[in-house]
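Peer 1:
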Amino acid sequence: MSLYEEIRGQKGNKMRFINQGIRQLTKYPTGTPNFTIQRVFLIFKNDYPANLLGALKDVVENQHGAQYREMDSISGLVDFIAARQRRGREIKQLDFFSHGVVGSIELGYELDKNDSYRLRDAQANMFKPEAFAYGAKIHSYACRTGLGIDADFKVNETEDPHYERSLAQILANATRTTVWAFPRRSNYDTTYGTAAERGSVPGIRERDATDGQAMRNYLSRKTAYERKLIEHRKTLKDPTAQLPDEQAPQAPTPTVSEEERNLLAHDDSRALYERKIGFPLDALGAHRDVRSGDTPDGVPKHLLAYKPL
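Start counting the sequence shown at 23; every next residue gets the next number (the working numbering).
1. Residues bridged to L14 by DSSP?
2. May I have the straight-line CA-CA distance separating E83 from Y90, to the nearest angstrom?
3. Please go through the stretch 31-82 and give each complete beta strand (DSSP E) segment of 3 or more residues, from N-terminal end onward.
4. When the Cα of R45 is compared with those of K159, P276, F63, A194, which residue comes out closest?
5. Terminal residues of the continuous alpha helix (DSSP H) containing L116?
6. Consult DSSP for D230 and reduce its assignment to one of helix, strand or coil.
7. Could you tell me the boundaries of the alpha helix (DSSP H) in which G98 lies?
8. What is the residue span of the beta strand (DSSP E) that I159 lies within?
9. Excluding five sequence neighbours on each side, which residues of the same chain lie with their C-beta closer than 6 Å to the C-beta of K79?
10. Let's see if you can read the secondary structure: which residues bound the beta strand (DSSP E) around H121?
11. If you follow the alpha helix (DSSP H) that S126 is in, where does it begin and where does it stop?
12. Using the rule of at least 16 other Cβ atoms within 10 Å of the residue's Cβ for burial, across every protein chain shown, is Q235 buried or exposed?
13. Once you ignore the five residues that flank V177 on each side, which residues in its own chain have a CB closer than 6 Å to its CB?
14. Report the three-state DSSP secondary structure of E5 (helix, strand or coil).
15. Please determine if the stretch 262-279 and the stretch 243-253 are in contact, where contact requires at least 3 C-beta pairs separated by less than 8 Å.
16. Are the CB atoms of A158 and T16 within a distance shorter than 9 Å?
17. Looking at the secondary structure, which residues open and close the alpha helix (DSSP H) in which E92 lies?
18. Using the C-alpha atoms, what's the distance from Y240 back to V123?
This is the structure in structure tokens:
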């Protein structure tokens, strides 16, 4: 781990990009044996320890049935995309989960290899349109990929955001695809759920335990009732007889919703890998999507579409 990460103590933040990538895998169509549909998880590996990368590879390949590739330079990504063209396996969707600044997707932000992990206009222009399928899409969830001026906090009404100069537009022009990107900073703060959802986990666990006990009690009563009913019918030699003054137990109504169970499943997955490898890897992926941040103000607070010019 870099000094930068150690100082900030952001293991959870360090994992946001990875867990969002896993979430995205679950949204892609299932891969096919003949590779007509192929899902590939790419990770720029610098600053990620070997035990984390090994666990991630296992999750990607064995739990999600996708391919796993490690990258160590932006030229590796350029080569990967070129190889798709040579092999006739056109890219239908490409998604970036990363830090970013205006004009650059920072796949190694604040790391020793930040220069060789940086995707700028020069690299974007190396992406060949022949590597992308008709109707392909690129999504950048990095900060300000869709902004063409270096604005930190606000784009004034009199200022032109120059979307046409943005990295998103450069990518769209180079690949002849539609690129979706934020003109504002991106916000990964709900990767593990909203603050309210994360705070609700202990209470959900208590209710889930209560629900479990209620269900066990119900099943015990149901078994006892059914045995008693069988004996009663044998005694009367009547297969349709009912127990007098006794009704079959009713199953309890759960107090924990399916959405809350899903939240617990994500929390359990991260806790499991935290114990195993020291990082909150979520084999189920992020709980919620990346959203737009608040700055710079004055530009739309959502993904924008950039079409080839």
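By construction, the Cβ of each residue, glycine as well, lies at the ideal position given by its N, Cα and C atoms.
Peer 2: Quick answer:
1. Outside the displayed span of the chain (23 to 331) sits residue 14, for which this structure offers no information.
2. Those two C-alpha atoms are separated by around 7 Å.
3. Here the runs fully enclosed are 62-66.
4. Closest by alpha carbon: F63.
5. DSSP places L116 in no alpha helix (DSSP H) but in the uninterrupted beta strand (DSSP E) bounded by 113-118.
6. In this structure, D230 counts as helix in the three-state DSSP scheme.
7. Its alpha helix (DSSP H) spans residues 96-108.
8. In the sequence under discussion, the amino acid at residue 159 is Lys, which differs from the Ile named in the question. Per DSSP, K159 belongs to the beta strand (DSSP E) from 154-162.
9. Contacts found: Y90.
10. Start and end: 121-123.
11. Counted as a single uninterrupted DSSP element, the stretch harbouring S126 is not any alpha helix (DSSP H) but the beta strand (DSSP E) occupying residues 126-128.
12. Using a 10 angstroms sphere on the CB of Q235, the tally of other CB atoms stays under 16, which defines it as exposed.
13. Result list for V177: P183, P318, G320, V321, in chain order.
14. Outside the shown range of the chain (23 to 331) lies residue 5, about which nothing can therefore be said.
15. Contact between the stretch 262-279 and the stretch 243-253 is present, because at least three Cβ pairs lie under 8 Å.
16. The question about residue 16 has no answer, for the chain in this structure spans 23 to 331.
17. Taken as a continuous stretch (DSSP letters only), E92 belongs to no alpha helix (DSSP H), being part of the beta strand (DSSP E) at 89-93.
18. Going by the C-alpha atoms only, they are around 57 Å apart.
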